[in-house]
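Participant: Those letters in the sequence shown? Residues 686 to 1830, by my numbering.
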Amino acid sequence: MPDEEEYHEDNDEPTDPTIVIKHQRYATRLYVLLLIITIYIVFILNLMNPQTRAIALSNITPSLYNQLRLKHPETLSCPCTSTSISYKTFVSNTILSHPICTSIFVTEEWINALYDLYSSSYLVMDFRTSASSQFKFLAAFCSLSKTLISQALTDIDNSQLITIQLLSENEIQSEISGNIEIIQSSTPSQLIRPLDFLHVTTQSIFFISALKTNFAVYIRLTAVFASTGKFYVAPTYYSPDPNDFDEAAVQSSSCELTSSVTPAGFFSLTRADNIFPNAFIYEMWPYFSPTHKNLTISSMIDGFFGGCTPLDAVLASTFDCLYNQSCLEILVDYFPQLNSTDLAWTNPLSVSSLKNQSLKNILPKLFVEEWSTNISYSKYFMQCAPVSCAYTETDQISLFYTISLFLSIYGGLCIILRSTALFLIYVWMKLKRYSINNNNNINIGYYRTFLQHFVQWIKQLNLFKSSKNRTVNDIKQQRIVTRVYLILLGGSISILILFTSLSVQMTIITQSNPSLVTYRLLHQLYSDSLKCPCKKMSISYDMFITLSPTLHQICSSDFISESWISTMALFNDIPVYNTNLNISLDGFDSRYFKLLSSICQLANRTIDDAVRQFLIRSFVTQYVISESEFNAKLNTTFKQFKQSLINEFNLLTDMVHLFTRVDQPYINSKNAELLPVTPSDETSNQSPPELKFSFTGLIDINSTSNDCICATNPRCQSSVVLYKWALLPNGDQDLTTPYLVPVLSTTLKNTTINTDVSITSISTSTISTSQLMFETIRINGSEFCYSYSRSSFIAVGDFNSDNCADIVHYACDRKNITVVLNYNDGSFELSYIFPFNNGNHPYMIIVDDFDGDGHLDFAFTNNGTYKIGILLGDGTGNFGELKTFLNENPGQSFSFISNDFNNDGHVDIVTTYYSDDQIVLLVGVGDGTFFIESSFYNNFCSRPTSFATGDFNNDNQMDLAVTSSANYLCILLNTGNEQFDLSMMVPTETFNFAWSIITADFNNDNHLDISMVNFLNNNIAVMFGNNDGTFGTQMIYKTGILGSSRYLITGDFDNDGQLDLVINNYVGSSINILFGSQNGTFFDQITFTVGGAPLAIATGDFNNDKKLDLVVTFQKQAFLIILLNTCNFGRREFVMEEKTHLPIE
């Protein structure tokens, strides 16, 4: 049988058996070495990559969960069945309140028993002066505190714990306690902030109390005023100790300078005992007390005080007397009505932990002595209801697994290592032999020969030798099989490499406890797939945010210091007598700076409190977010916080401002003058002096006359004037050299600090330079309207087909709807009057072609027996019979809008039942009649106030924008089947009670935007549309006085190609215009005074000059004013040209 080597064509191969065996031994040794190295590598790799396995357990109990959490805190996962759990299911709160709030001392019967008809006749620190008022305050504070605590408990019960995984008991305790602490700390501010502002107002604006505790109004009879007397208003002074007279202390305790208090008691001296007819001792006590022996202290009332106001007194009180029966029994001697009550008023209060604390310190606790929270973890566990828990275990190196792995690869490994060893020995021996034969000279020919030998070796390679099959054909067949094997092996490896390179495999890599640097690197590399779960989903803001508010520099200056205020107070009483001038330093005296100081202090406290509450709120996130996203969320949150804080503070100032302007309380001779009158007494022929109020105003320094009366014009202001004072030889005073204080101006009663902060940065690089002018046409109605209703509405359309803008409106008496025809020559005619019977009152009017005849009709909402009425026009200015719809529903229909909502070519109407929170679609038939196609409850925007329509998502369907008195803006997208779906719901706290809403493209991007005027927050909001049914962040523009603007329209009034905004301002008697810019932002409003109280506004070209004009209705007045636009390009200012027209009856 031939040997396989006999068929080698390589004559260079050794044939000596000794050499062949030697080569085989070398190959064996190399094979063994490679095998050992391979086994070592397998063991090392297995050691470095321990095996993990996931384990899931069911039937979870709290004890089992605690055990698993202790053993596997890092990998344990127990998903909750319910991810949102209401606090009220496992949290309970127990509150122990101060006993005074449940005592008889806050009852109406007790307060009435302390009322004294002549309370203002006692000394200011006498307890009878303010006892009833103090307990009224106390009762109100208890009631408000109870309401706030009840609301806080409701908020806690309605709060939701949002968690995906089951939390441990410690985590639940920390989470719930933290949230409850936030509510506990934020709730008192709802009482404290308004109270602080009320305190600042009464202290700084110098409201004169009827109890005469802060100022005394009295008469002094002199030789000059022998018949009528002279009226004076003087501040009250308090001594810190009624038993000890300290003149310096009394001088600094004037109610004009500070909120003074003194211990209260009962004093024997009354006004009847006063030896001075002007009762000067009353307000100056105890200046003259050493000279008056009649002044004695009958008894003191422990824990109660008298003060500049009852509010000052009650805030300082500790109510010690109410804990002492002996003290309570004293009261009956001075309040005899207590004997006629059924109250057990001699029973003292039970001991309180808040005893000896003043009400000022008790109020921030809302009279709560103890607030305990019980968190039931077992109830929480039941609500979470985890079905299973899963965790992972990591197994270290396993000998059995390693041996199994090695045996699985041993067969293939032997073939590869054997072939590799043989080949390496063959190459090595070949090189060695050739080097010897050529004297160590290896040239290029050698490599060529070596390559030929290698190819020949491959051809002769036989990996399937067999001792039984050694024939030539067997060896040939074995070599062919070897080649096929090698080809298949190489192809398989190539396919595997190709498949691996083309396929994408998901590999989860876990990085434990990454640092910030590591996270940033991973986010940079794997931003799309990186997920880093947080250990805590809720993180308090104070862990990573520091807020450092900076107030206006005036609030840190010496101008609000006590020394400056005291210095300026010295000038308050300097007499200025001049027959031609009546000069004061309003706006530059101590009162001004005292108010300014108080506002700064209040602003600082408000900000500090709000910042503290903001920082204890939590940032909630399940995964770590990127730095840019983190900053964006924080900036948005902070902007909302800042704006809400500003709005809250402005709301307080606006409320007080509105109160002082409307009620005109007497404020220490600053808004009115007390004048004596002497009415004739027919029975005795005596003339007792009486008081009358004469409204005053600011002085024009040029004419020395009142050019502004504060009672009729709330915007009275003038420059502060300091006169160079000199005494003339004739005894008069020289005030002829005025000095105008720069920057400062004075407004009567109130001085405010500008706290406006823009929500969005608005570019003002493009400035309009147009000059807008109007000339006025007045159209009189048939009668003056005496109704106090503020309702009025107006619409514009061409009703007689003459291409002139006509008017349809109703006046504030709402007795009829009137159509006024325009003859395009400056004249107008009342053409049509539709009367209303009793019980029917129109509200809103829209103009459209409801019957498709090419002539304009009008529809109106009605709050009477029917909800919508339609009058079809004939094109001549006349209208047919009334058609009514929605006659059965009792709800009120205020707002409505018309458009083709189902794309059938007919006009439809959408309206609302305000009280029922329903939105109704009336589908038009095309002949002026309608049927109800759909009516659905509008739970998301309850009590809607106004509509706007447009294609907000570019689907050729008319959508709706709805505002509501529940402070939401809702975007309802038309689904195409006469239904609407909610696309976007925006809370409108920052623009409360949006009264009117309009749609237009303000920023020229071919997308509809939204603007609305906000009645209760005196601003305009603008939101840019995204063309997908959503809108961007609102931009806020201040409009002026609280509650002054209800109606909003748009148009290009200055002919610059940009849309402008127009609103009414019925408090300011003006129409205000905000000019638009190319980027959709608006400039500061320009005011056009029209007089009266303007309400509804509409726009149209009333003289066909291609310029938009305005028509305005007024409160309680049955006439219209048309403002003809005479805009010319040039300067940007507002000019009014008066033009007289004959009234039209």
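Note that beta-carbon positions come from the ideal geometry of N, C-alpha and C, so glycine has one too.
For VAL635, which of helix, strand or coil comes out of DSSP?
Facilitator: Residue 635 is absent from the model: the chain starts at 686 and stops at 1830.
Participant: Let's see if you can read the secondary structure: which residues bound the alpha helix (DSSP H) around HIS783?
Facilitator: For the purposes of this step, residue 783 is taken as the residue at position 98 of the sequence shown. Taken as a continuous stretch (DSSP letters only), HIS783 belongs to no alpha helix (DSSP H), as it is neither H nor E.
Participant: Which of helix, strand or coil does DSSP assign to ILE1230?
Facilitator: The residue you call residue 1230 lines up with position 545 of the sequence shown. Three-state result, ILE1230: coil.
Participant: Out of ASN843, PHE1278, GLN819 and LEU823, state which residue places its alpha-carbon closest to the alpha-carbon of ALA949.
Facilitator: As a position in the sequence shown, residue 949 is number 264, starting the count at 1. Here the closest residue by C-alpha is GLN819.
Participant: I want to know whether the region 1720-1738 touches the region 1679-1686 - three or more CB-CB distances under 8 angstroms.
Facilitator: Short answer: they touch.
Participant: With a CB to CB cut of under 7 angstroms and the five nearest residues on each side skipped, what residues in its chain are close to ILE704?
Facilitator: As a working note, residue 704 is residue 19 in the sequence shown. None.
Participant: For the alpha helix (DSSP H) containing THR1185, name the first residue and the last one.
Facilitator: Numbered from its first residue, the sequence shown carries residue 1185 at position 500. THR1185 -> alpha helix (DSSP H) spans 1157-1187.
Participant: Is it buried or exposed for MET1529, if we count other Cβ within 10 angstroms and need 16 for buried?
Facilitator: Stepping through the sequence shown from its first residue, residue 1529 is reached at position 844. With 16 or more other Cβ atoms within 10 Å, it is buried.
Participant: Please specify which runs of the beta strand (DSSP E), each continuous and at least 3 residues long, are wholly inside the region 1687-1753, giving them in chain order.
Facilitator: Taking only runs of at least 3 residues, the beta strand (DSSP E) segments lying wholly in the region 1687-1753 are 1694-1699, 1704-1708, 1720-1723, 1733-1736 and 1745-1750.
Participant: Should the region 987-995 be regarded as contacting the region 893-901, the criterion being three or more beta carbon pairs within less than 8 angstroms?
Facilitator: Enough Cβ pairs lie closer than 8 angstroms, so yes.
Participant: Apart from the five residues on each side of it in sequence, which residues of its chain come closer than 7 angstroms, Cβ to Cβ, to PHE822?
Facilitator: Locating residue 822 in the sequence shown gives position 137, where the first residue counts as 1. Within the same chain, PHE822 has close Cβ partners PRO995, LEU996 and VAL999.
Participant: Here's a check: name, in chain order, each residue in its chain whose Cβ is nearer than 8 angstroms to the Cβ of SER1754, leaving out the five neighbours to either side.
Facilitator: What you label residue 1754 is simply residue 1069 of the sequence shown in a count that begins at 1. Same-chain partners within the cutoff: THR1774, VAL1775, GLY1776, GLY1777, ALA1778 and PRO1779.
Participant: Check for me: the alpha helix (DSSP H) holding GLU793 runs from which residue to which?
Facilitator: Counting from one through the sequence shown, the residue named residue 793 turns up at place 108. Note, GLU793: alpha helix (DSSP H), 793-798.
Participant: If we count the other Cβ atoms within 10 Å of its Cβ and call it buried at 16 or more, is PRO687 buried or exposed?
Facilitator: By one-based count along the sequence shown, residue 687 stands at place 2. Annotation note: pLDDT 46 at PRO687 (below 50); position unreliable, coordinate value reported separately. By the neighbour-count rule (16 or more Cβ atoms within 10 Å), PRO687 is not buried but exposed.
Participant: Quick one: what's ARG738 bridged to in DSSP?
Facilitator: As a position in the sequence shown, residue 738 is number 53, starting the count at 1. For ARG738, which the question treats as bridged, DSSP gives the partners GLU1078.
Participant: Please report the residue range of the beta strand (DSSP E) in which SER1512 lies.
Facilitator: Counting from 1 along the sequence shown, the entry for residue 1512 is found at position 827. Unbroken run through SER1512: none, as it is neither H nor E.
Participant: Assign ASN1659 to one of three DSSP states: helix, strand, or coil.
Facilitator: Mapped onto the sequence shown, residue 1659 falls at position 974. Strand, per DSSP.
Participant: Short check: CB of ALA1633 to CB of PHE1581, under 9 angstroms?
Facilitator: Taking the sequence shown and counting its residues from 1, one reaches residue 1633 at position 948. Taking the sequence shown and counting its residues from 1, one reaches residue 1581 at position 896. No; because the gap between Cβ atoms is not below 9 angstroms, this pair is not in contact.
Participant: Looking at PRO1520: is its Cβ nearer than 9 angstroms to the Cβ of PHE1478?
Facilitator: Here the question's residue 1520 lines up with position 835 in the sequence shown. Here the question's residue 1478 lines up with position 793 in the sequence shown. Contact flag unset, no.
Participant: For the alpha helix (DSSP H) holding THR774, just list the boundary residues, first then last.
Facilitator: The residue given as residue 774 occupies position 89 in the sequence shown. Run containing THR774: none; DSSP gives neither H nor E here.
Participant: I think ILE1756 touches ASN1749, with their Cβ atoms under 8 angstroms apart; what is that distance to the nearest whole Å?
Facilitator: Position 1071 of the sequence shown, counted from the first residue, corresponds to residue 1756. Position 1064 of the sequence shown, counted from the first residue, corresponds to residue 1749. That belief holds up - the Cβ atoms of ILE1756 and ASN1749 are roughly 6 angstroms apart, short of 8 angstroms.
Participant: Excluding the 5 residues preceding and the 5 following ASN1789 in the sequence, name in chain order all residues of the same chain whose CB lies nearer than 8 angstroms to its CB.
Facilitator: Looking up residue 1789 in the sequence shown gives position 1104. So the list reads ASN1488, CYS1489 and ASN1509, once near-sequence residues are dropped.
Participant: Just confirm the distance between the C-beta atoms of ASN1699 and LYS1723, as a whole number of angstroms; I'd bet it's less than 8 angstroms.
Facilitator: As a working mapping, residue 1699 is identified with position 1014 in the sequence shown. As a working mapping, residue 1723 is identified with position 1038 in the sequence shown. Rounded, the Cβ-Cβ distance is 10 angstroms, inconsistent with contact.
Participant: For ASN1525, which option in GLY1554, LEU1809 and ALA1781 has the closest C-alpha, if you only look at C-alpha atoms?
Facilitator: Looking up residue 1525 in the sequence shown gives position 840. ASN1525 has its Cα closest to that of GLY1554, out of GLY1554, LEU1809 and ALA1781.
Participant: Is the region 832-847 in contact with the region 871-879, if contact means three or more CB pairs nearer than 8 angstroms?
Facilitator: Yes: at least three Cβ pairs fall under 8 angstroms.
Participant: Can you give me the C-alpha to C-alpha distance between PHE1760 and ASN1740, rounded to a whole angstrom?
Facilitator: Translated into the one-based positions of the sequence shown, residue 1760 becomes position 1075. Translated into the one-based positions of the sequence shown, residue 1740 becomes position 1055. For PHE1760 and ASN1740, the distance between alpha carbons rounds to 10 angstroms.
Participant: Reducing DSSP to helix, strand and coil, say where VAL809 ends up.
Facilitator: Numbered from 1 along the sequence shown, position 124 holds the residue referred to as residue 809. Residue state, collapsed to three classes: coil.
Participant: Going by DSSP, name the residue or residues bridged to GLY1482.
Facilitator: For this step, residue 1482 is matched to residue 797 along the sequence shown. Paired residues: ASP1491.
Participant: Out of THR1784, PHE952, MET1720 and TYR772, state which residue places its alpha-carbon closest to the alpha-carbon of THR839.
Facilitator: The residue given as residue 839 occupies position 154 in the sequence shown. If we check each option's Cα against that of THR839, TYR772 comes out closest.
Participant: Check the C-beta distance from LEU779 over to SER1057 and give it rounded, since I have them as a contact under 8 angstroms.
Facilitator: Here residue 779 refers to the residue found at position 94 of the sequence shown. Here residue 1057 refers to the residue found at position 372 of the sequence shown. Checking the sequence, you will find Thr at residue 779 rather than Leu. Yes, THR779 and SER1057 are in contact; Cβ-Cβ is about 5 angstroms, under 8 angstroms.
Participant: State buried or exposed for GLY1590, treating a residue as buried only when at least 16 other CB atoms are found within 10 Å of its CB.
Facilitator: Indexing the sequence shown from 1 puts residue 1590 at position 905. Result: exposed.
Participant: Kindly confirm or deny that the region 1025-1043 and the region 1002-1011 touch, where touching means at least three C-beta pairs closer than 8 angstroms.
Facilitator: Touching, yes.
Participant: To the nearest angstrom, report how far apart SER748 and LEU761 are at their CA atoms.
Facilitator: To locate residue 748, count along the sequence shown from 1; it is residue 63. To locate residue 761, count along the sequence shown from 1; it is residue 76. Taking the straight line from one Cα to the other gives about 14 angstroms.
Participant: By DSSP, does PRO758 sit in helix, in strand, or in coil?
Facilitator: Residue numbering aside, residue 758 sits at position 73 when the sequence shown is read from its first letter. Three-state result, PRO758: coil.
Participant: Please list, in chain order, all residues of the same chain as ALA1651 whose beta carbon is under 8 angstroms from its beta carbon, the five residues on each side excluded.
Facilitator: Within the sequence shown, the letter at position 966 stands for residue 1651. CYS1626, SER1627 and ARG1628, listed in sequence order.
Participant: Could you tell me which of ILE1604, ASP1713 and ILE865 sits nearest to ASN843, measuring between CA atoms?
Facilitator: Taking the sequence shown and counting its residues from 1, the one referred to as residue 843 is at position 158. The option with the nearest alpha carbon to ASN843 is ILE865.
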